[in-house]
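Residue numbers (this note's numbering), protein chains in the order written: chain E, 1 to 199; chain X, 1 to 199.
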DNA sequence: TAGCATAAGTAGACAATGTCAACATTTAGG
DNA sequence: CCTAAATGTTGACATTGTCTACTTATGCTA
């Protein structure tokens, strides 16, 4: 289970910051962002309602930390998929990440966290994206239009994740296929070209 | 400007429901979903803090109404683009919608509105999506794999919109192109195929 | 046209939350 | 060992969503 600090009730916690992130992470996935109240997190962590403020300037800062953690996980997943396989594998891993941790994914891309206000988040996200873009560029077949094709590839998987996550894809379109198969086949229906078509 | 009911301060408003949606819509785009407090909307509409409850069971119901309105607008925009042009035009219109009304778009797809709890929203959204899917199927070049290709096309534009909206696309990737051009060229870098590739 | 049911709006109350300020307790460094 | 900086705690406040009870206007019916 989770590491227990503060076995003996002591004034100081030991590593409250990590504990808060851990607790908040669970709450996030189980009950959604809306349910992620600062006071409730404190309660579950067994500290006073104001203790979190020693580690996070405001609620949004905690959310930012969770999002940052998410970007690191996503980055790791993509790195792994990139090593193992090619473009398709990365795409599948991307969607898999989103479907496995929907609330986290929403938090990361929902836009409710002011990107300007949390430079640390910006940095982590940027790093992840740059790695992603690099891996994509190296793998998109048409090196000529690699730039745009990479963006297109990213947008494709990102959009697919988002739509699946929102339950926007009708069952008729899925034709009974499970998520993984569906994703694989949808992604397979796309090709990238080097240059813009004539018209 | 906006239609003024309740010129003479009368007990009844005339059409508060519409007024609330109008006011909330402005607030949404100007200040974001978070700032959309029920009491503030009431205040700006010039009614008591409880008046909205005669028209919306809860805060989320007002959000649902705004989202529904958004889906209708999006549907209309897509219909218009479908008449005017082809697949590319529709895609560009989709992204344009998102970039023009970012907060609305986020509300529509952010997942913070319980879809199960608001059947009316579900209905409007479904109707829009079915029309969209139909139009796509009719326009995706490869009729054989039209189903998956349509989903892919939708996911592509949706994801592109989302990424642009979140400022996730680095300026280097955009290479100085304005949004419209960038979108057009990214979308042009993709082709749809009839069947899954051999590997 | 009078009267009444109902829709629409108001007033007040309550618990919960985010956040601030002031105070308490550890911990660590000199 | 003693003191400053971290880290937690208590208490307070404004704001919000939402409930209940009350008031006023509207429109139907007799």
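In this text, a Cβ means the ideal position worked out from N, Cα and C, and glycines have one as well. Predicted model only: the values in this text are computed from it and were never measured.
Closest Cα partner of residue i within the set the options
{"i": "residue 222 of chain E", "options": "E/74, E/19, E/150", "result": "Chain E is shown from 1 up to 199; residue 222 of chain E falls before or after that span and cannot be answered."}
{"i": "residue 116 of chain X", "options": "E/192, E/167, E/129, E/56", "result": "E/167"}
{"i": "residue 178 of chain E", "options": "E/67, E/123, E/96", "result": "E/96"}
{"i": "residue 119 of chain X", "options": "X/164, X/86, X/60", "result": "X/60"}
{"i": "residue 123 of chain E", "options": "E/104, E/72, E/103, E/141", "result": "E/72"}
{"i": "residue 139 of chain E", "options": "E/191, E/160, E/186, E/113", "result": "E/191"}
{"i": "residue 102 of chain E", "options": "E/70, E/132, E/121", "result": "E/70"}
{"i": "residue 194 of chain X", "options": "X/137, X/21, X/23, X/27", "result": "X/137"}
{"i": "residue 109 of chain E", "options": "E/155, E/45, E/26", "result": "E/155"}
{"i": "residue 64 of chain X", "options": "X/36, X/51, X/43", "result": "X/36"}
{"i": "residue 126 of chain E", "options": "X/163, X/175, X/22, X/183", "result": "X/163"}
{"i": "residue 39 of chain E", "options": "E/150, E/51, E/29", "result": "E/51"}
Status (buried if at least 16 other CB within 10 Å, exposed otherwise) for residue i
{"i": "residue 148 of chain E", "result": "buried"}
{"i": "residue 172 of chain E", "result": "exposed"}
{"i": "residue 14 of chain X", "result": "exposed"}
{"i": "residue 135 of chain X", "result": "buried"}
{"i": "residue 187 of chain X", "result": "buried"}
{"i": "residue 185 of chain X", "result": "buried"}
{"i": "residue 158 of chain E", "result": "buried"}
{"i": "residue 100 of chain E", "result": "exposed"}
{"i": "residue 170 of chain E", "result": "exposed"}
{"i": "residue 10 of chain E", "result": "exposed"}
Inter-residue Cα distance where the pair is residue i and residue j
{"i": "residue 75 of chain X", "j": "residue 107 of chain X", "result": "16 Å"}
{"i": "residue 197 of chain X", "j": "residue 90 of chain X", "result": "Note that residue 197 of chain X scores 47 on pLDDT, short of 50, meaning its location in the model is unreliable; the coordinates nonetheless yield the value given after this. Cα to Cα, the separation comes out at about 26 Å."}
{"i": "residue 79 of chain E", "j": "residue 128 of chain E", "result": "10 Å"}
{"i": "residue 58 of chain E", "j": "residue 87 of chain E", "result": "39 Å"}
{"i": "residue 53 of chain E", "j": "residue 104 of chain X", "result": "32 Å"}
{"i": "residue 67 of chain X", "j": "residue 113 of chain X", "result": "9 Å"}
{"i": "residue 46 of chain X", "j": "residue 24 of chain X", "result": "13 Å"}
{"i": "residue 27 of chain E", "j": "residue 111 of chain E", "result": "19 Å"}
{"i": "residue 189 of chain E", "j": "residue 152 of chain X", "result": "7 Å"}
{"i": "residue 131 of chain X", "j": "residue 41 of chain X", "result": "33 Å"}
{"i": "residue 182 of chain E", "j": "residue 176 of chain E", "result": "9 Å"}
{"i": "residue 141 of chain E", "j": "residue 81 of chain E", "result": "17 Å"}
{"i": "residue 43 of chain E", "j": "residue 32 of chain X", "result": "29 Å"}
{"i": "residue 12 of chain E", "j": "residue 165 of chain E", "result": "40 Å"}
{"i": "residue 121 of chain X", "j": "residue 21 of chain X", "result": "14 Å"}
{"i": "residue 202 of chain X", "j": "residue 174 of chain E", "result": "Nothing about residue 202 of chain X can be read from this structure; chain X reaches only from 1 to 199."}
{"i": "residue 150 of chain X", "j": "residue 133 of chain E", "result": "25 Å"}
{"i": "residue 29 of chain X", "j": "residue 29 of chain E", "result": "28 Å"}
{"i": "residue 85 of chain X", "j": "residue 94 of chain E", "result": "32 Å"}
{"i": "residue 4 of chain X", "j": "residue 34 of chain E", "result": "For residue 4 of chain X, the predicted model reports a pLDDT of 49, less than 50, meaning its position is unreliable; a value from the coordinates is still stated below. Taking the straight line from one Cα to the other gives about 35 Å."}
Supposed close pair residue i, residue j - CB separation, criterion 8 Å
{"i": "residue 16 of chain E", "j": "residue 49 of chain E", "result": "Contact doesn't hold; Cβ gap of about 13 Å is too wide."}
{"i": "residue 180 of chain E", "j": "residue 92 of chain E", "result": "7 Å"}
{"i": "residue 161 of chain X", "j": "residue 98 of chain X", "result": "4 Å"}
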